[in-house]
Amino acid sequence: MPTATATTTHANQSTHGTLKLRAEEAATPEYLKELHTKGYVVVPNIIPQEQAAQYVTDANEWLKGFGKGFDIDDKSTWNVENLPPHFRGGLYNALGVGHEDLLWRIRLEPALIDVFSKIWGTDELLVSFDGANFSVPLPPSQIQNAGAPWPHVDQSPLKRNMECIQGIANLAPNGEDDGGLMILDGSFPLYNEFIDAHVDDQPEGGWPKIDSYHHTPKQLQWFYDRGCTWKKVNAPAGSLILWESRTIHYGAAPKEGANPRYATYVCYKPAAHCPPAHLEVRKEAIKEFRNMSHNPCDARKVPKFFVDVRTEPSKPFDFESSERARKLAGLESY
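As structure tokens, then:
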């Protein structure tokens with residue numbers, strides 16, 4: 063039988079542990095609680111409004127700089143013939159865009175980095191060399207696949223746990239018709255159950271290792287039968303949209319008559335998660351001005367598209383100007 067002293071000590075330790083747990087829960091921002099429950103969340107006021115507006119101006123100048131006649135103030139030039147080559151209505155993942163000064167300035171926004179530092183519990187991060195979405199409303203006939211949905215997750219079915227938290231730096235007000243992130247609400251908690259229920263859907267050789275899986279209509283019906291519904295994620299200018307890579311989603315183009323969309327894709331992970339070989343590939347990507355996948359620790363370079371148009375950024379970022387950028391890029395260790 064324990065002594066009174068031992069019992070008291072155990073009780074004090076138990077109380078201390080409970081209080082510590084409650085303190086940790088209280089210190090966790092509400093947006094992170096929502097993210098880990100629903101699989102997505104909007105965090106407002108990450109980029110100051112004036113700065114977000116300047117980024118939009120710079121994005122329009124980038125589009126105009128291709129010399130194809132685009133002018134944001136002239137809607138008659140809101141035409142695919144006046145825009146640089148892209149995917150799905152305004153997704154830019156080539157043309158050197160991933161290493162434009164514009165995108166790196168956004169990646170260096172302090173509050174944006176701070177959110178991902180809270181997610182991972184460290185500020186020693188690497189950032190993805192991802193692209194941008196500068197979409198003006200176009201007729202469906204001018205959009206890849208007429209703007210049809212392309213539901214997917216950015217994680218291999220072989221991976222069951224949290225791999226990535228992806229992000230969108232939302233630079234302009236983004237409403238119901240303005241294009242943007244579409245989420246299959248309720249799909250995130252069902253991720254592992256879906257994989258277990260669809261073993262027979264594996265292609266020959268098993269589930270793909272690449273961190274991307276596109277769902278068939280039949281597979282989507284499985285989610286609909288369990289109450290999942292599509293939701294457009296609307297967000298104010300200067301906000302950060304976060305989503306778990308296990309959440310089914312896709313990017314929608316703006317509808318005709320709606321507002322243009324301005325956003326860049328951002329994703330940070332701990333540098334400690336990145337194998338040395340992958341760091342070397344990141345350095346190669348910087349030298350080649352190549353975009354990479356959303357996962358900063360999975361060194362997968364995006365294929366070279368539109369090389370006859372542009373292969374280098376119009377205004378390359380100067381890494382000598384920022385120690386923080388060199389570390390986020392993996393050019394310099396923490």
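Counting from 1, position 278 in the sequence shown corresponds to residue 340 in this note's numbering; the numbering is continuous, with no gaps.
Positions of the beta carbon are idealized from the N, C-alpha and C atoms, including for glycine.
Computed from a predicted model, the values in this text were never measured in an experiment.
Cutoff 6 Å; reference residue i; Cβ partners in own chain excluding five residues on either side
i	result
K363	A347, R352 and M354
D240	P316, A320, N321 and R323
N254	R222
V343	A361
P199	P316, E318 and A320
A173	I108
E382	none
Spatial neighbours of residue i in its chain, beta-carbon cut-off 7 Å, leaving aside the 5 residues before and after
i	result
A66	Unreliable positioning characterises A66 in this predicted model, as indicated by a pLDDT of 47, which lies under 50. The coordinate reading is nonetheless provided below. Answer for A66: no residue qualifies.
N122	I134
L157	P146, F368, V371 and R372
T139	G131, F132 and D133
P332	W182, T184, E186 and L187
E96	V103
A85	Reliability of the predicted coordinates at A85 is poor, the pLDDT of 46 falling under 50, and no value is obtained from them.
P201	E318
V142	L200 and Q204
G127	S376
N236	G242, N296, A297 and R323
P338	none
With 16 other Cβ atoms within 10 Å as the buried cut-off, status of residue i
i	result
T349	Note that residue 349 corresponds to Lys in the displayed sequence, not to Thr. When all chains shown are included, K349 counts as exposed.
E162	buried
S395	exposed
T291	exposed
Q217	buried
V295	buried
H356	buried
D380	exposed
H375	Inspection of the sequence shows that residue 375 is occupied by Pro rather than by His. By the neighbour-count rule (16 or more Cβ atoms within 10 Å), P375 is buried.
A297	buried
G267	exposed
D192	buried
A194	buried
A231	buried
V261	exposed
G242	buried
A234	buried
H277	buried
A325	buried
P213	buried
G229	buried
Residue i - containing beta strand (DSSP E), residue span
i	result
A347	Looking at the DSSP string, A347 is not in any beta strand (DSSP E); the run it does join, the alpha helix (DSSP H), is P338 to E350.
F196	A194 to S197
D247	G242 to D247
Own chain, CB closer than 8 Å to residue i, minus 5 neighbours either side, in chain order
i	result
L81	Reliability fails at L81, whose pLDDT of 48 lies under 50, so the model's placement of it is uncertain and no value is given.
L170	S384, R386, A387 and L390
L125	F132, I134, L145, P146 and F196
K271	S218 and L220
K377	E162, D163 and L164
H340	C359, D360 and A361
S288	Looking at the sequence itself, residue 288 is Arg, so the reference to Ser does not match. Taken in chain order, the residues that qualify are G248 and L252.
Q281	F256, H260 and D263
K366	A156, R352 and T373
Y154	P146, H148, G193, A194, N195 and F196
Limits of the unbroken alpha helix (DSSP H) element including residue i
i	result
A121	Q111 to K126
L94	E92 to K100
I227	Element bounds for I227: not the alpha helix (DSSP H) but the beta strand (DSSP E), I227 to N232.
E385	E385 to A391
Y396	Taken as a continuous stretch (DSSP letters only), Y396 belongs to no alpha helix (DSSP H), as it is neither H nor E.
E255	Y253 to A259
Residue i: CB within 7 Å of a non-hydrogen atom of the ligand GDP
i	result
Q204	Among the components modelled here there is no ligand, and therefore nothing to report on the ligand GDP.
Closer than 8 Å to chain D by CB, residue i
i	result
F256	No chain D is part of this structure, which consists of one protein chain only.
Validate contact between the stretch 299-310 and the stretch 211-229 using beta carbons, cut 8 Å, 3 pairs = yes
Is the stretch 175-188 touching the stretch 316-326, taking contact as three or more C-beta pairs under 8 Å?
-> no
Would you call the stretch 374-392 and the stretch 179-192 touching, i.e. three or more CB-CB distances under 8 Å?
-> yes
Any contact of the stretch 150-169 with the stretch 188-208, i.e. 3+ C-beta pairs under 8 Å?
-> yes
Between the stretch 290-307 and the stretch 108-117, do at least 3 Cβ pairs fall closer than 8 Å?
-> yes
Output the residue ranges of the alpha helix (DSSP H) runs that lie fully inside the stretch 266-349 and measure 4 residues or longer, sorted by chain position.
-> 279-286
Complete runs of the beta strand (DSSP E) confined to the stretch 150-209 [at least 3 residues] = 187-189 and 194-197
Is the stretch 90-104 touching the stretch 243-257, taking contact as three or more C-beta pairs under 8 Å?
-> yes
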